[in-house]
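**Q**
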Amino acid sequence: MKHQEWLTINYMLPKEPSRVRVSIWRKLKKSGAVILSQSVWVLPMSKDNEVFMEDISNEILKNGGEAYLMKMAPHDEGTSERIIATFDRARDEEYREFLEQCDDLLHELEKESERRKFTFAELEENETELQKLVDWYQKITQRDFHGASLRSSVDGKLEECRARLDVFIAEVYRQNDESLNSEGKP
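Quick note: the sequence shown uses the UniProt record's numbering, first residue 1, plus one each step.
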């Protein structure tokens with residue numbers, strides 16, 4: 001069986017300035033890379049990931065560090081499975097946080113509905129929160145290279161948020177139409 005190839009980067013940076021270390025770390029995390037051991041990061045082999053890792057390597061070198069960028073093919077299936085499991089754990093951690101944020105939005109919509117607070121300001125606030133979730137969802141799923149176990153739960157929860165917001169939107173417009181009509185306005 002052919003094993004997936006990986007890109008790895010092992011690097012060292014000077015302690016100062018710390019902003020460079022933080023910047024590299026953030027870029028690696030944002031890309032979906034996972035750390036296998038101290039300063040050894042890995043991404044699935046792809047042209048985009050190769051360009052990204054080359055850029056990271058160059059940035060490290062420009063800032064006085066050492067970088068070793070390599071292609072890696074695991075020796076056995078067990079190693080491949082452990083690497084994939086590391087990716088899946090990282091994404092599931094993000095998905096758990098995402099699910100919590102979805103629950104917060106659903107709770108907010110429920111609370112505002114119970115209070116009958118169907119205002120345009122609440123509508124805008126909740127639409128903004130949903131858009132933040134959608135943007136975050138796109139970032140997480142883009143770096144979910146192997147379909148982590150919580151992916152389907154997240155898909156369903158995001159749809160639940162959209163559906164619940166649609167109900168809230170309809171009620172805001174209905175309430176505002178009624179108030180306009182009761183005031184005798186066109």
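Where a beta carbon is used, it is the ideal one built from N, C-alpha and C, also for glycine.
If I'm right that residue 40 touches residue 83 with Cβ under 8 Å, what's the distance once you round it to whole angstroms?
**A** Not really, about 11 Å apart at Cβ, beyond 8 Å.
**Q** Specify, as a first and last residue, the run of the alpha helix (DSSP H) that residue 63 falls within.
**A** No alpha helix (DSSP H) contains residue 63, which DSSP labels as neither H nor E.
**Q** Does the ligand ATP have a heavy atom nearer than 7 Å to the CB of residue 7?
**A** Here there are no bound small molecules, and the ligand ATP is not part of this structure.
**Q** To the nearest angstrom, how far is it from the Cα of residue 51 to the Cα of residue 30?
**A** 15 Å
**Q** Taking buried to mean at least 16 other C-beta atoms within 10 Å of its own C-beta, is residue 19 buried or exposed?
**A** exposed
**Q** Within a Cβ cutoff of 7 Å, which residues of the same chain sit near residue 10, ignoring the five residues on either side of it in sequence?
**A** 39, 40, 68
**Q** With a Cβ-Cβ cutoff of 8 Å, do residue 24 and residue 36 count as a contact?
**A** no
**Q** Quick check: what's the CA-CA separation for residue 78 versus residue 85?
**A** 10 Å
**Q** Hey, could you find the ends of the beta strand (DSSP E) residue 7 is sitting in?
**A** 6-12
**Q** Three or more C-beta pairs under 8 Å: does that hold for the region 135-147 against the region 160-174?
**A** no
**Q** Residues in its own chain within less than 7 Å of residue 27 by CB, not counting five upstream and five downstream?
**A** Close CB contacts of residue 27 within its chain, under the 7 Å cut and outside five residues either way in sequence, are with 56 (chain order).
**Q** Exposed or buried, what is residue 73 when buried is set at 16 or more other beta-carbons lying within 10 Å of its beta-carbon?
**A** exposed
**Q** Using only the alpha-carbon positions, how far apart do residue 168 and residue 80 sit?
**A** 46 Å
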